[in-house]
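Written as structure tokens, this is what we have:
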């Protein structure tokens, strides 16, 4: 998925629904997407997903802060929290076509599935121009409300922990190491409790996971840290281990 693909799909939309991670709203917001939306005169709504993974007061601070720029709806697609509210909010723009976009791993597909429900019906490929239809389909959610179900993935950018949160594809051990170092600073003791390690260093945590899961190279007897890193990253994306950033206090 490229920015050009998102731009083409945006031509068909009236509203852009940007899905972000409630644990790291600033990192998972795409200022480029928001700028593109504004420049094209489209409405933008932010779905703050995974709200079940942060304390209520933290979520409220983020909502207060972001809503100065765009409407924000807190949801948890996984727990089905706030999803009806999101649907009702989007109906305010009816009749409308909604493009849903976000970085990988923020839960965009889950939001799409919740909104589609069981009774939605495919209407047509999007956009209609030949050669641009692959992966883009418009669904009727209810009278006057449609969504574009697409790969809609914002190309990940950044490095270190920022790349982890945005679901970038990079060396697994490097990504897991960035995650471990950040988690140990923001939430000391989290990884010790989760994986039974004495120290929260990247090598200690990954080695512990590898030993526990039996990730060992048969030829050398060495621990397979890449497989361990994959487990750690999936635990993080799915919320099995979770920590969050706190915004500035509201006045």
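Residue numbers (the numbering used here): 46 to 296.
Built from N, CA and C at the ideal position, the CB exists for glycine as well.
Only a predicted model underlies this, so the values are computations on that prediction, with no experimental measurement involved.
With DSSP as the reference, please indicate the residues paired to residue i in a beta bridge.
| i | result |
| --- | --- |
| residue 88 | 60 |
| residue 268 | 261 |
| residue 250 | Answer is none; residue 250 lacks a bridge partner. |
| residue 96 | Residue 96 is not bridged to any residue. |
| residue 352 | Because the chain in this structure spans residues 46 to 296, residue 352 falls outside the shown range and cannot be described. |
| residue 236 | In the DSSP output, where bridge partners are listed per residue, residue 236 has none listed. |
| residue 66 | 94 |
| residue 218 | Beta-bridge pairing links residue 218 to no other residue. |
| residue 119 | 93 |
| residue 144 | 61 and 193 |
| residue 126 | 121 |
| residue 198 | 147 |
Within its chain, find whatever has a CB closer than 6 Å to the CB of residue i; leave out the 5 residues flanking it on each side and keep chain order.
| i | result |
| --- | --- |
| residue 82 | 61 and 89 |
| residue 139 | 189 and 190 |
| residue 125 | none |
| residue 272 | 260 |
| residue 134 | 118 |
Once you ignore the five residues that flank residue i on each side, which residues in its own chain have a CB closer than 8 Å to its CB?
| i | result |
| --- | --- |
| residue 55 | 61, 81, 82, 85, 87 and 144 |
| residue 269 | 255, 260, 261 and 262 |
| residue 258 | 272, 273 and 276 |
| residue 127 | 96, 118, 119, 120 and 121 |
| residue 215 | 208 |
Suppose contacts are defined by Cβ-Cβ distances below 8 Å. Is residue i in contact with residue j by that definition?
| i | j | result |
| --- | --- | --- |
| residue 69 | residue 220 | no |
| residue 151 | residue 65 | yes |
| residue 112 | residue 97 | no |
| residue 294 | residue 106 | yes |
| residue 292 | residue 76 | no |
| residue 136 | residue 284 | no |
| residue 199 | residue 78 | yes |
Sort the options by Cα distance to residue i and report the nearest one.
| i | options | result |
| --- | --- | --- |
| residue 242 | 230, 256 and 64 | 256 |
| residue 153 | 285, 53, 71 and 93 | 93 |
| residue 276 | 254, 91 and 268 | 254 |
| residue 234 | 91, 202 and 288 | 288 |
| residue 114 | 123, 132 and 63 | 63 |
| residue 129 | 157, 103 and 67 | 157 |
| residue 141 | 193, 106, 159 and 127 | 193 |
| residue 279 | 212, 267 and 227 | 212 |
| residue 48 | 160, 146, 251 and 187 | 146 |
| residue 286 | 294, 236 and 251 | 236 |
| residue 322 | 292, 72 and 52 | Nothing in the structure corresponds to residue 322, since the chain is present only between 46 and 296. |
| residue 282 | 206, 266, 230 and 252 | 206 |
| residue 57 | 155, 181, 103 and 91 | 181 |
| residue 123 | 108, 134 and 155 | 155 |
| residue 91 | 103, 116 and 104 | 116 |
| residue 217 | 240, 251, 103 and 238 | 251 |
| residue 59 | 183, 215 and 265 | 183 |
Here's a check: name, in chain order, each residue in its chain whose Cβ is nearer than 7 Å to the Cβ of residue i, leaving out the five neighbours to either side.
| i | result |
| --- | --- |
| residue 99 | 67, 68 and 289 |
| residue 201 | 148, 149, 208, 211, 212 and 213 |
| residue 160 | 132, 186 and 192 |
| residue 227 | 206 |
| residue 240 | 250, 253 and 254 |
| residue 162 | none |
Open item on the list: Is it the case that the segment 245-252 contacts the segment 216-231, given that we only count it when at least three CB pairs across the two stretches are under 8 Å?
Closed with: yes
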